[in-house]
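Peer 1: Order-wise, the sequence lines are chains A and B. Per this note's numbering, the first sequence starts with residue 3, numbered consecutively. Per this note's numbering, the second sequence starts with residue 3, numbered consecutively. C-beta: ideal position from N, C-alpha, C; glycine also. Quick one: this structure, given as structure tokens, is what I'll be asking you about.
There are 2 protein chains.
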Amino acid sequence: MPDTAQEIRLASRPEGEPRPENFELAEAPMPGPGEGEVLVRNSYLSVDPYMRGRMRDVKSYIPPFQVGEVLDGGAVGRVVASNSDDLQEGDWVESMNGWREYYTAKGDSLRKIDPALGPVSTALGVLGMPGLTAYAGIHEIGKAREGETVLVSAAAGAVGSVAGQLARIAGCRVVGSAGSQEKVDYLTSELGFDAAFNYRDVDLSQALREHCPDRIDVCFENVGGDHLEAALGRMANFGRVALCGMISAYNLEEPPAGPRNIAALLVNRVTVRGFIVMDHYDMLPRFAQEVARHVKSGELRYRETVVEGIENMPEAFIGLLGGENIGKMLVKVGPDESGA
Amino acid sequence: MPDTAQEIRLASRPEGEPRPENFELAEAPMPGPGEGEVLVRNSYLSVDPYMRGRMRDVKSYIPPFQVGEVLDGGAVGRVVASNSDDLQEGDWVESMNGWREYYTAKGDSLRKIDPALGPVSTALGVLGMPGLTAYAGIHEIGKAREGETVLVSAAAGAVGSVAGQLARIAGCRVVGSAGSQEKVDYLTSELGFDAAFNYRDVDLSQALREHCPDRIDVCFENVGGDHLEAALGRMANFGRVALCGMISAYNLEEPPAGPRNIAALLVNRVTVRGFIVMDHYDMLPRFAQEVARHVKSGELRYRETVVEGIENMPEAFIGLLGGENIGKMLVKVGPDESGA
């Protein structure tokens with residue numbers, strides 16, 4: 003066991019796009035587990051778009067990160083020492099104690115992962131929070147029904163790629179928007195999207211007219227800005243917009259121009275509903291069962307973009323906000339002998 | 003019976019604010035009722051904000067008005083001759099055959115009014131479409147519950163004044179926004195609103211912070227534009243926005259700037275739902291019973307702004323869009339011996 007463990011701290015609050023100097027790679031003393039605690043060595047750290055919001059000093063649904071402190075993100079790791087009856091050495095766990103190599107925590111505060119369900123890294127992706135976000139958004143918020151048209155933006159990302167496939171499995175016609183030709187190809191040839199387009203290359207309204215001839219019943223929105231405006235203008239009567247993310251705005255210092263076509267919501271009787279995954283943890287058991295089954299059968303596919311080394315974490319996060327990932331973006335910082 | 007009947011036609015499509023020359027007062031031959039038809043003399047004609055939208059040549063949930071043709075609006079009148087088994091001479095009826103003195107129609111296409119429920123003019127206001135709009139918006143769309151804070155914009159209007167009172171009756175704290183001190187006084191001293199402000203005189207965000215200290219659970223939105231943006235910024239977690247109208251935009255040739263704080267919908271998990279009263283006619287029986295009872299008991303009050311003479315109809319409509327009315331704006335074009 004080393005004497006120290008590496009962690010990434012917030013060195014300063016980013017203005018606009020985060021830069022490497024906003025982050026600091028630091029050494030902390032190796033923690034020792036107290037009574038009822040376990041010591042965990044992280045293997046995979048999660049980088050998530052929502053973390054950009056927490057880097058601002060504003061109140062939101064979770065408190066902001068503090069300058070000089072470690073960035074709490076999702077992580078999957080393995081118990082290396084246990085003083086807890088809840089977990090044994092060798093158990094895999096998911097936590098919000100990421101962006102560091104080692105941590106201690108009460109045994110009962112961690113979610114134990116069953117490696118038989120799939121590779122442990124998927125607990126941060128298709129079988130974890132991004133997957134549940136997609137599941138809640140498609141089923142509970144969007145209420146996608148067979149035969150409907152579903153538009154997914156940022157469709158090659160960790161959430162969007164699952165959302166689109168769940169809609170396809172539900173019998174919907176699925177249209178994806180993504181930021182490169184490689185992603186567009188991935189959506190149509192690997193994930194079974196009915197259509198996809200590169201939003202950087204097209205007139206959005208025209209692309210939506212072309213690819214959504216019967217308009218849009220459910221819009222799973224991850225992007226916001228112009229993309230949302232174009233989608234609102236193409237919604238079907240009684241359509242639903244599941245407002246999941248607005249990645250186009252996360253690096254902006256001023257809020258972007260709002261959609262000018264709010265009146266279309268009224269005329270078409272559209273429902274727009276903002277949602278956050280943590281309100282939908284009650285769906286977790288049903289989600290885990292259903293989606294693990296689809297993954298095992300091969301009906302639902304996923305991809306991970308894995309960066310090696312905790313020192314590359316800031317770069318991975320910056321890249322994520324720039325759309326450099328396909329599927330879930332992870333940083334591997336420890337061994338993975340889960341063998342799945 | 004005269005040989006001719008007056009009617010108001012659309013002379014040209016307005017650009018921006020409608021002007022008198024966009025309307026034409028015309029004489030049409032007095033119609034005679036055919037088989038199964040009745041002849042109705044209108045007493046009250048309804049002017050409604052949504053009619054501005056129909057003056058544009060764009061497809062919407064109802065077809066646009068045609069230049070040179072009479073403007074179909076709501077009306078209350080009395081059967082003066084009947085070839086129909088459904089209606090007798092002397093019956094009061096509501097129809098969409100307004101903006102004219104006389105019309106013929108199939109007897110079974112008209113809604114018969116019971117004058118015992120209240121003055122027949124209320125079939126165009128508190129007991130008619132505006133009342134049902136308020137009822138559906140507060141109960142079905144907004145799902146206002148006891149103890150919640152409800153914000154109503156254009157609160158002294160035909161819809162807003164009923165919406166606010168229904169929320170008050172449901173046990174909500176009700177805050178109204180209106181465009182003059184006279185209206186503000188009306189809301190607080192006559193209609194029992196807990197608070198009200200003149201949106202022309204205040205900083206909207208500050209007024210909402212002041213009057214909605216526990217934020218807004220339900221926003222009944224009639225105005226749009228800056229007003230909607232300010233309201234979105236003050237919504238409570240899991241709040242609902244019932245998007246009923248956007249009167250601030252009806253005279254604009256270009257859509258107004260959209261709300262820049264769409265991200266607030268996500269963070270606060272807000273639902274925005276556009277709605278149109280005609281989707282909620284199933285609520286009519288329950289609405290009519292409940293609201294007529296509240297009106298009779300005096301718990302729910304209404305006011306009408308009545309303009310005399312069909313020739314003043316364009317002016318009444320222009321005035322309506324400028325906020326010159328308190329409560330329902332009507333044009334009286336025939337006798338009312340309903341005596342209620």
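Applying the criterion that 16 or more other CB atoms from any shown protein chain within 10 Å of the CB defines a buried residue, is K354/B buried or exposed?
Peer 2: Residue 354/B lies beyond the residue range present for chain B, which begins at 3 and ends at 342; the question has no answer from this structure.
Peer 1: Ignore the nearest five residues each way along the sequence and tell me which others in S97/A's own chain have a CB closer than 6 Å to its CB.
Peer 2: Only A77 and L112 meet the Cβ criterion.
Peer 1: How would you list, in chain order, the residues of chain B whose beta-carbon sits under 7 Å from the beta-carbon of Y63/A?
Peer 2: Per Cβ cutoff of 7 Å: V269.
Peer 1: Are the beta-carbon atoms of V69/A and E9/A separated by less than 7 Å?
Peer 2: Going by C-beta atoms, V69/A is not nearer than 7 Å to E9/A.
Peer 1: Kindly indicate the opening and closing residues of the beta strand (DSSP E) around K330/A.
Peer 2: Residues K330 to K334.
Peer 1: Could you pull out every residue in the same chain whose Cβ sits closer than 8 Å to the Cβ of A13/A, ignoring the five residues on either side in sequence?
Peer 2: E23, N24, F25, E26, V69 and G70.
Peer 1: Would you mind giving the Cβ-Cβ distance between S340/B and P117/B, rounded to the nearest angstrom? I have them listed as a contact below 8 Å.
Peer 2: So it is a contact: roughly 4 Å between Cβ atoms.
Peer 1: Is the region 168 to 180 of chain A touching the region 238 to 255 of chain A in the sense that three or more CB pairs, one from each, lie closer than 8 Å?
Peer 2: Touching, no.
Peer 1: For chain A, check one thing: does any of its Cβ atoms lie closer than 7 Å to the Cβ of A342/B?
Peer 2: With a pLDDT of 45 at A342/B, under the threshold of 50, the predicted position of this residue should be treated as unreliable, though the coordinate-derived value follows. No, because no Cβ of chain A sits closer than 7 Å to the Cβ of A342/B.
Peer 1: Within 7 Å of any Cβ in chain A, is that where the Cβ of P31/B sits?
Peer 2: It does not: the Cβ of P31/B has no partner Cβ on chain A nearer than 7 Å.
Peer 1: If contact means a Cβ-Cβ distance below 8 Å, which residues of the region 283 to 296 of chain A contact chain B?
Peer 2: Cβ contacts with chain B come from no residue of the region 283 to 296 of chain A.
Peer 1: Could you pull out every unbroken alpha helix (DSSP H) segment of at least 4 residues lying fully inside the region 54 to 88 of chain A, listed in chain order?
Peer 2: If we require 4 residues or more, the region 54 to 88 of chain A turns out to have no alpha helix (DSSP H) run fully inside it.
Peer 1: Using the beta-carbon of each residue, which ones in chain C are nearer than 7 Å to F277/B?
Peer 2: Of the chains in the structure shown, none is chain C; the protein chains are A and B.
Peer 1: In the DSSP output, what is V112/A paired with across the bridge?
Peer 2: Just to set this straight, residue 112/A is Leu in the shown sequence, not Val. None, per the DSSP bridge assignment.
Peer 1: What's the gap between the Cα of P35/B and the Cα of R211/B?
Peer 2: Spanning the two alpha carbons is a distance of roughly 58 Å.
Peer 1: In chain order, what residues of the same chain lie with their CB nearer than 7 Å to the CB of N314/A, ignoring the 5 residues before and after it?
Peer 2: So the list reads V333, once near-sequence residues are dropped.
Peer 1: Take N263/A as the anchor and find which of A251/A, S191/A and G227/A has the nearest alpha-carbon.
Peer 2: Answer by Cα proximity: G227/A.
Peer 1: From this set, H213/B, S207/B and D219/B, which residue's C-alpha is nearest H229/B's C-alpha?
Peer 2: Nearest of H213/B, S207/B and D219/B to H229/B, Cα basis: S207/B.
Peer 1: I'd like to confirm the pairing. Which residues does DSSP put opposite I10/B in its beta bridges?
Peer 2: DSSP output for I10/B lists L27/B as bridge partner(s).
Peer 1: Please list the terminal residues of the continuous beta strand (DSSP E) segment that includes S179/B.
Peer 2: Start and end: R175 to A180.
Peer 1: Is there a C-beta anywhere in chain A that falls below 7 Å from the one on A13/B?
Peer 2: No, no contact with chain A.
Peer 1: Rounded to a whole number of angstroms, what is the C-alpha to C-alpha distance between V128/A and A294/A?
Peer 2: Roughly 9 Å separates the two Cα atoms.
Peer 1: Apart from the five residues just before and just after P316/A, which ones in its own chain have a Cβ nearer than 6 Å to its Cβ?
Peer 2: The answer, listed in chain order, is P22 and F25.
Peer 1: Are the CB atoms of V49/B and A156/B within a distance shorter than 7 Å?
Peer 2: Not closer than 7 Å, so no.
Peer 1: May I ask you to list the residues that DSSP assigns as paired with G260/A?
Peer 2: Looking at the DSSP assignment, G260/A forms a beta bridge with G260/B.
Peer 1: Report the partner residues of W101/A according to the DSSP bridge assignment.
Peer 2: According to DSSP, which records beta bridges pairwise, W101/A is partnered with nothing at all.
Peer 1: Who are the neighbours of R262/A on chain B, taking C-beta pairs under 9 Å?
Peer 2: Residues of chain B passing the Cβ test: E256, P257, P258, A259 and G260.
Peer 1: Give the single residue among D219/A, V161/A and L47/A whose Cα lies nearest to the Cα of R102/A.
Peer 2: Ranking D219/A, V161/A and L47/A by Cα distance to R102/A puts L47/A first.
Peer 1: Comparing alpha-carbon positions, which option in G130/A, G159/A, F195/A and G166/A lies nearest A146/A?
Peer 2: With distances taken between Cα atoms, A146/A lies closest to G166/A.
Peer 1: Kindly say whether L134/A, judged by its beta-carbon, lies nearer than 7 Å to any beta-carbon of chain B.
Peer 2: Closer than 7 Å: no.
Peer 1: What does G226/B reach in chain A if we use C-beta pairs closer than 8 Å?
Peer 2: Per Cβ cutoff of 8 Å: I264 and A265.
Peer 1: When the Cα atoms are used, what is the spatial distance from K108/B to W94/B?
Peer 2: The alpha-carbon atoms of K108/B and W94/B are separated by roughly 14 Å.
Peer 1: Find out if the Cβ-Cβ distance for the pair L323/A, N253/A is shorter than 7 Å.
Peer 2: Against a cut-off of 7 Å, the Cβ pair of N253/A and L323/A comes out as a contact.
Peer 1: Under 8 Å between beta-carbons, which chain A residues line up against A251/B? List them in chain order, please.
Peer 2: Ordered by position in chain A, the residues that pass the 8 Å Cβ test against A251/B are A265.
Peer 1: How about V220/A and F195/A: do their beta carbons lie closer than 7 Å?
Peer 2: No, they are not a contact pair.
Peer 1: Decide if Y105/B is buried, meaning its Cβ has at least 16 other Cβ atoms within 10 Å, or exposed.
Peer 2: Classification of Y105/B: buried, given that the 10 Å Cβ count is 16 or more.
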